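Heads up: the sequence shown is residues 16 to 635, going by this note's numbering.
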Amino acid sequence: MSAISVDPATGLKLFATRAAKATDKIAGKGYSAIDDVSLKTLPEPPAGAVFNAQEQARYRDFKESRRGAADYMSMEGEFSRYLEDVYSADPVEREALDDECEILVVGAGFAGLLLWHKLRNAGFEDVRFCEKGGDVGGTWYWNRYPGIACDVESYSYFPLLEEMDYVPSMKFASGFEIMEYCQVMAEKFGFYDHCLFHTTVEKTEWDEKTARWTVSTNRGDMMKARYVVLANGILTTPQLPRIAGMEKFQGESFHTSRWDYNVDLEGKRVGIIGTGATAVQVIPEIAKVVGELYVFQRTPSSIDVRDQRETSDEDRAQWAQEENWAKKRRARFAKISTGRTAIQANDDYLSGKVDDFKERKQYERQLSAEEMVQKQLDSNFRIMEQIRARVDAIVEDPETAAALKPYYPYGCKRPTFHDEFLPTFNKANVHLLDTAPTGVREINERGVVHDGQEYPLDVLIYATGFQWMATSTFNMIKGRGGQTLREKWQTEGTQTFLGIHSRGFPNLFIISGPQGGGGSFNFTDAIEQHGDYLVWMLETLRERDMDIVDVGAESEARYAEHCRKADIATAPLRDCITYYNGHGDAEPGSLAYYGGGRWHKFRVQAQESLEPYTFEHSGT
16 MSAISVDPAT GLKLFATRAA KATDKIAGKG YSAIDDVSLK TLPEPPAGAV
66 FNAQEQARYR DFKESRRGAA DYMSMEGEFS RYLEDVYSAD PVEREALDDE
116 CEILVVGAGF AGLLLWHKLR NAGFEDVRFC EKGGDVGGTW YWNRYPGIAC
166 DVESYSYFPL LEEMDYVPSM KFASGFEIME YCQVMAEKFG FYDHCLFHTT
216 VEKTEWDEKT ARWTVSTNRG DMMKARYVVL ANGILTTPQL PRIAGMEKFQ
266 GESFHTSRWD YNVDLEGKRV GIIGTGATAV QVIPEIAKVV GELYVFQRTP
316 SSIDVRDQRE TSDEDRAQWA QEENWAKKRR ARFAKISTGR TAIQANDDYL
366 SGKVDDFKER KQYERQLSAE EMVQKQLDSN FRIMEQIRAR VDAIVEDPET
416 AAALKPYYPY GCKRPTFHDE FLPTFNKANV HLLDTAPTGV REINERGVVH
466 DGQEYPLDVL IYATGFQWMA TSTFNMIKGR GGQTLREKWQ TEGTQTFLGI
516 HSRGFPNLFI ISGPQGGGGS FNFTDAIEQH GDYLVWMLET LRERDMDIVD
566 VGAESEARYA EHCRKADIAT APLRDCITYY NGHGDAEPGS LAYYGGGRWH
616 KFRVQAQESL EPYTFEHSGT
């Protein structure tokens, strides 16, 4: 079959351009369930524990000793090799395109796959996808490190389980299982016929005369589209720490976002920089095979109980008795999905056996905003005391345990959940190097240098995460007046409506962008809400015989101010420096926004009144 063909029934172009390849070097399928109850049990909270302002002050001092976002650098020059696609064969040769489609979508992860399913069901068939990688999956395509698994229970995270007639194999599914699920979805829904793989969008410009977006790519394409959707995720740009001498290292090195399975770790001296969400999953797996493992930690993670377990036959039989069991479970999960509570949620509630997760507290009077914040701070502190006590209960060496204890408010650093991470530090071949507060400062030809001591390494792994919402796409989109999206936000502050629209960029929709709420920390639930909204908007345009939509300045400003105030109101709970607040430099309300029920209220009001929108008919 050629890379591009024409469907004789519809006249639409069909694409067969993926270059995915499997590798037999990927041995791990995520970590398995364990039977040791002590590793799956969190100590009881200490009686009467309340918020400790001294702990908050300690973290604030720690923040000020760091250099913020300047601690990180882009993967450029000789480090650009860390961005190479190591999972795919060479791109399939194809002709450059200069045609037109109705809807062009950037990204082929869960957001793109879900959107295609919804668009097709609504009768929108003239849809084209551009994907940088060689297959579907998005974050699950790029991230394939040993031990990778879902952070959210898979029965709620996997979308369309009923439609796919599928039940995940484990409560927290392996990333490899998720990747395979994405591939099966794509096959089932005919997605591959509409996607250009190994295709990076380099420029997107609005043409006022034709009311079309012109989309240019790295493959020489110059395509036109009436509507453009950004569905390329929020953690797409890996980052490196800025460390003196890092270019000198003579051993093997790579970033976890492009795990190199051609590098054999067995029996090797391996160093890993970082102990965030990725490293927490990686470290227990590679510790089983390496000779010596040196873990360089700047900030300890909060390691809560995961209680990983296989999906039982009893579970499958029970869920099958409830119509639309997965949709209902996902809805119940969304009501409680606030970090730890969601992870620890009672399965009886999620399965619909009981009416609620826990008994609601009753107060004699409505608490003030300040009182609510204080109660949340107290609850936060008790949770952290439990997590710190868990470290002492598991880690045998007192010095190592002390370094592994998180000392910041819950959620300042992305919460993690694992049953094997802490006991890994009881292994004789695993060594924790506490590099607080400024991290590793020197690398030479042989390895890492810390506090004047050299640690020779065969392999150096960077588990240093991603830039939050730093997709370069925002720099390449020019709306009305020739201004890029990034330029608008830099001059006016981040201004969107629902996180989906931005004034001056008609017919552009952003899935899970800045200020993009959805009412759930379950990412797939949030993007499904965005997808439903987008389909509603396209249907509304069709019904009104309009083909251009933008938002008014007043509506955009009102929504942006809401995001700012919501961020400020909860700031005491997150007196933090982290990637989701621009390492402490982001303006309030400019990046992450959870939104809860308020986002849905804004959305519903807008859909009922249509007041925020300006509709036009282009005549073309």
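For each residue, glycine too, the CB sits at the ideal point set by N, CA and C.
On a predicted model such as this, the values are computed, not experimentally measured, just so you know.
**Message:** Would V244 and V142 be called neighbours here (beta carbons separated by less than 7 Å)?
**Reply:** One thing to note: V244 has its Cβ no nearer than 7 Å to the Cβ of V142.
**Request:** Decide yes or no for the touch test of the segment 272-286 against the segment 549-557: beta carbon pairs closer than 8 Å, at least 3 of them.
**Result:** Between the segment 272-286 and the segment 549-557, the count of Cβ pairs shorter than 8 Å is below three; the stretches do not touch.
**Prompt:** With respect to the alpha helix (DSSP H) encompassing C197, which residues constitute its N-terminal and C-terminal limits?
**Reply:** For C197, the enclosing alpha helix (DSSP H) starts and ends at G190 to K203.
**Residue span of the alpha helix (DSSP H) that contains V550, given as start and end** = Element bounds for V550: F538 to E558.
**Request:** Put V121 into one of helix, strand or coil per three-state DSSP.
**Result:** Correct three-state label for V121: strand.
**Message:** The beta strand (DSSP E) that contains A240, what's its start and end?
**Reply:** Taken as a continuous stretch (DSSP letters only), the beta strand (DSSP E) holding A240 covers M237 to L245.
**Asked** Quick one: Cα of F396 to Cα of A404, how far?
**Response** C-alpha separation (whole angstroms): 12 Å.
**Message:** Less than 7 Å between the C-beta atoms of G567 and P627, yes or no?
**Reply:** Yes, the Cβ-Cβ distance between G567 and P627 is below 7 Å.
**Asked** How would you call P430, buried or exposed, if buried means at least 16 neighbouring beta carbons within 10 angstroms?
**Response** The residue in question, P430, is buried, as its Cβ has 16 or more Cβ neighbours within 10 Å.
**Request:** Kindly list the residues whose CB is nearer than 7 Å to the CB of G306, restricted to its own chain and excluding five residues on each side of it in sequence; keep chain order.
**Result:** Cβ within range, chain order: G282, K283, R284 and N444.
**Asked** Exposed or buried, which one is M16 when buried takes at least 16 other CB atoms within 10 Å?
**Response** Note that M16 scores a pLDDT of 45, beneath 50, so its modelled location is shaky and nothing firm can be said.
**Prompt:** Could you give the residue range of the alpha helix (DSSP H) that holds C578?
**Reply:** For C578, the uninterrupted alpha helix (DSSP H) segment begins and ends at A568 to A584.
**Asked** Candidates V619, I193 and F139: which alpha carbon is nearest G152's?
**Response** The residue with the shortest Cα to Cα distance from G152 is I193.
**Prompt:** To the nearest angstrom, how far is it from the Cα of D76 to the Cα of M399?
**Reply:** Taking the straight line from one Cα to the other gives about 19 Å.
**Distance between V297 and D86 (C-alpha atoms, nearest Å)** = When rounded, the distance between both Cα atoms is 23 Å.
**Item:** Nearest neighbour of D328, chosen from A601, K147, S184 and A31 [CA to CA]
**Value:** Looking from the CA of D328, the closest CA among A601, K147, S184 and A31 belongs to S184.
**Message:** Considering only their Cβ atoms, is the gap separating H209 from F269 smaller than 7 Å?
**Reply:** Judged by their CB atoms, F269 and H209 are not nearer to each other than the 7 Å cut-off.
**Message:** Using only the alpha-carbon positions, how far apart do A111 and R234 sit?
**Reply:** Roughly 6 Å separates the two Cα atoms.
**Local Cβ density within 10 Å of K203, reported as buried at 16 or more and exposed below that** = By the beta-carbon neighbour count (other beta carbons within 10 angstroms, threshold 16), K203 is exposed.
**Asked** Leaving out five residues before and five after T32 in sequence, what residues of the same chain have Cβ atoms less than 6 Å from its Cβ?
**Response** The residues A18, V107, R109, L211 and F212, in chain order, have a CB closer than 6 Å to that of T32 in the same chain once the five nearest residues on each side in sequence are set aside.
**Request:** Could you tell me if M238 is buried or exposed, where buried requires 16 or more neighbouring beta carbons within 10 angstroms of its beta carbon?
**Result:** The residue is buried, with at least 16 neighbouring Cβ atoms inside 10 Å.
**Request:** Helix, strand or coil for G514, going by three-state DSSP, please let me know.
**Result:** It is coil, neither helix nor strand.
**Asked** With a cut-off of 8 Å, do at least 3 Cβ pairs link the segment 410-419 to the segment 215-229?
**Response** At 8 Å Cβ cutoff, the stretches do not touch.
**Request:** Pick out whichever of Q254, A584 and Y470 has its Cα sitting closest to the Cα of A384.
**Result:** Nearest of Q254, A584 and Y470 to A384, Cα basis: A584.
**Euclidean distance between Cα positions of F512 and V406** = Looking at the two C-alpha atoms, the distance is approximately 43 Å.
**Message:** Tell me the rounded alpha-carbon separation between F432 and Y172.
**Reply:** F432 and Y172 have their C-alpha atoms roughly 16 Å apart.
**Prompt:** Hey, Y477 and L255 are a contact pair by Cβ (cut 8 Å); roughly how many whole angstroms apart?
**Reply:** Sure, about 6 Å apart at Cβ, within 8 Å.
**Item:** Own chain residues within Cβ distance below 7 Å of R501, not counting five before or after
**Value:** Counting only residues of its own chain and dropping the five nearest sequence neighbours on each side, R501 has a CB closer than 7 Å to the CB of F489 and N490.
**Asked** Can you tell which of V230, V550, G462 and F264 has the C-alpha that lies nearest to the C-alpha of C116?
**Response** Residue V230 is the option with its Cα nearest to C116.
**Prompt:** Does the count of Cβ pairs from the segment 308-317 and the segment 284-293 closer than 8 Å reach three?
**Reply:** The segment 308-317 is in contact with the segment 284-293.
**Prompt:** DSSP state of M16, grouped into three classes?
**Reply:** Its pLDDT being 45, under 50, M16 is placed unreliably by the model, and nothing is read from it.
**Request:** Have a look at I515 and C591 and give me their C-alpha separation to the nearest angstrom.
**Result:** The alpha-carbon atoms of I515 and C591 are separated by roughly 27 Å.
**At least 3 beta-carbon pairs within less than 8 Å: the segment 121-132 vs the segment 148-167** = Yes, the segment 121-132 touches the segment 148-167.
**Prompt:** DSSP three-state call for A335: helix, strand or coil?
**Reply:** Note: A335 maps to helix in three-state DSSP.
**Residue from E168, S570 and E140 whose Cα sits closest to the Cα of A24** = Ranking E168, S570 and E140 by Cα distance to A24 puts E140 first.
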